[in-house]
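Engineer: First the structure, which I've put down as structure tokens, then a few questions once you've had a look.
Numbering (the working numbering), first residue to last: 141 to 360.
What follows is the structure, encoded as structure tokens:
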């Protein structure tokens with residue numbers, strides 16, 4: 141496992157960070173059981189902070205608890221994924237229509253930087269770094285302090301599919317496709333072309349849904 145990191149690790153936050161990295165890296169697959177003792181040993185902590193971290197991930201929808209069996213990485217059906225992406229479409233359109241006209245030049249530069257970092261990570265095949273940059277890219281055009289509840293729901297929906305997003309980015313073809321999609325979105329963001337941004341985001345999201353649905357159905 142790649143859970144261990146430099147420096148002391150005695151907190152639930154350390155355990156949570158380690159678990160997130162493992163999920164993003166594909167070390168845990170949907171439906172896989174999470175062995176608390178093994179994680180604790182890898183991180184050099186007791187089981188208590190690992191258990192606390194798993195409870196936090198359960199609240200996000202990334203793991204599920206099964207009585208007398210323990211925690212498992214959330215396993216979604218194609219229908220679940222379709223529902224989540226439909227909700228994302230509704231909420232993200234609302235968020236971008238509100239936030240985009242208010243973005244200043246500094247905000248656009250941050251989105252541009254995230255797009256570059258995403259492309260560089262894709263070129264290296266660094267899935268974890270690409271996922272992090274991808275999130276900064278998308279949330280950079282969605283964030284608005286005036287709509288905290290919308291953003292809380294969007295984050296929850298993103299978190300609940302993190303393991304599946306990692307599967308998506310493990311494909312070199314989809315990593316390249318994402319870079320191209322981001323360039324189109326970024327061009328529209330620079331021009332503050334709200335309707336175009338919404339349309340490009342819809343296309344980008346729908347492709348991910350098609351690819352992930354095919355993965356799920358192939359596993360049935």
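Where a beta carbon is used, it is the ideal one built from N, C-alpha and C, also for glycine.
Suppose contacts are defined by Cβ-Cβ distances below 8 angstroms. Is residue 309 in contact with residue 282 by that definition?
Structural biologist: No. Outside cutoff.
Engineer: Of all the CB atoms in chain D, is at least one closer than 8 angstroms to the CB of residue 331?
Structural biologist: Of the protein chains in this structure there is only one, and it is not chain D.
Engineer: List, from N- to C-terminal side, the alpha helix (DSSP H) runs of 4 residues or more that fit wholly inside the stretch 183-251.
Structural biologist: 187-200, 218-239, all fully within the stretch 183-251.
Engineer: When DSSP labels each residue in this structure, what does residue 173 get in the three-state scheme?
Structural biologist: Strand, per DSSP.
Engineer: I'd like the span of the alpha helix (DSSP H) that includes residue 326, first residue to last.
Structural biologist: Run containing residue 326: 312-330, per the alpha helix (DSSP H) assignment.
Engineer: Would you call residue 230 buried or exposed, if buried means 16 or more other Cβ atoms sit within 10 Å of its Cβ?
Structural biologist: Looking at its Cβ environment, which holds fewer than 16 other Cβ atoms inside 10 Å, residue 230 is exposed.
Engineer: Can you grab the Cα-Cα spacing for the pair residue 341 / residue 357, in whole Å?
Structural biologist: Going from the Cα of residue 341 to the Cα of residue 357 covers about 24 angstroms.
Engineer: How would you call residue 280, buried or exposed, if buried means at least 16 neighbouring beta carbons within 10 angstroms?
Structural biologist: Classification of residue 280: buried, given that the 10 Å Cβ count is 16 or more.
Engineer: Look at the Cβ atom of residue 348, then the Cβ atom of residue 336, and state whether they are nearer than 8 angstroms.
Structural biologist: No.
Engineer: Would you report the Cα separation of residue 232 and residue 191, rounded to the nearest angstrom?
Structural biologist: Each residue's alpha carbon lies about 32 angstroms from the other.
Engineer: Leaving aside the five residues before and after residue 338 along the sequence, list all residues of the same chain whose C-beta is less than 8 angstroms from its C-beta, in chain order.
Structural biologist: Cβ neighbours of residue 338 beyond the five flanking positions: 233, 236, 237.
Engineer: Within 10 angstroms of its Cβ, does residue 225 collect 16 or more other Cβ (buried), or is it exposed?
Structural biologist: Under this definition residue 225 is a buried residue.
Engineer: Assuming residue 290 is part of the alpha helix (DSSP H), what are its boundary residues?
Structural biologist: Start and end: 288-300.
Engineer: How would you call residue 178, buried or exposed, if buried means at least 16 neighbouring beta carbons within 10 angstroms?
Structural biologist: Label assigned to residue 178: exposed.
Engineer: Given this structure, state the Cα-to-Cα distance separating residue 152 from residue 248, to the nearest angstrom.
Structural biologist: Taking the straight line joining both Cα atoms gives about 34 angstroms.
Engineer: Who are the near neighbours of residue 324 in its chain, counting only those whose CB is closer than 7 angstroms to its CB and skipping five residues on each side?
Structural biologist: Excluding positions up to five away in sequence, the list reads 340.
Engineer: Here's the rule: buried if 16 or more other CB atoms are within 10 angstroms of the residue's CB, otherwise exposed. What is residue 158?
Structural biologist: Buried.
Engineer: Please report the distance separating the alpha-carbon of residue 210 from that of residue 175.
Structural biologist: About 8 angstroms.
Engineer: What are the boundary residues of the alpha helix (DSSP H) that includes residue 266?
Structural biologist: Looking at the DSSP string, residue 266 is not in any alpha helix (DSSP H), and its letter there is neither H nor E.
Engineer: Just to confirm the assignment, what range does the alpha helix (DSSP H) spanning residue 166 have?
Structural biologist: Taken as a continuous stretch (DSSP letters only), residue 166 belongs to no alpha helix (DSSP H), as it is neither H nor E.
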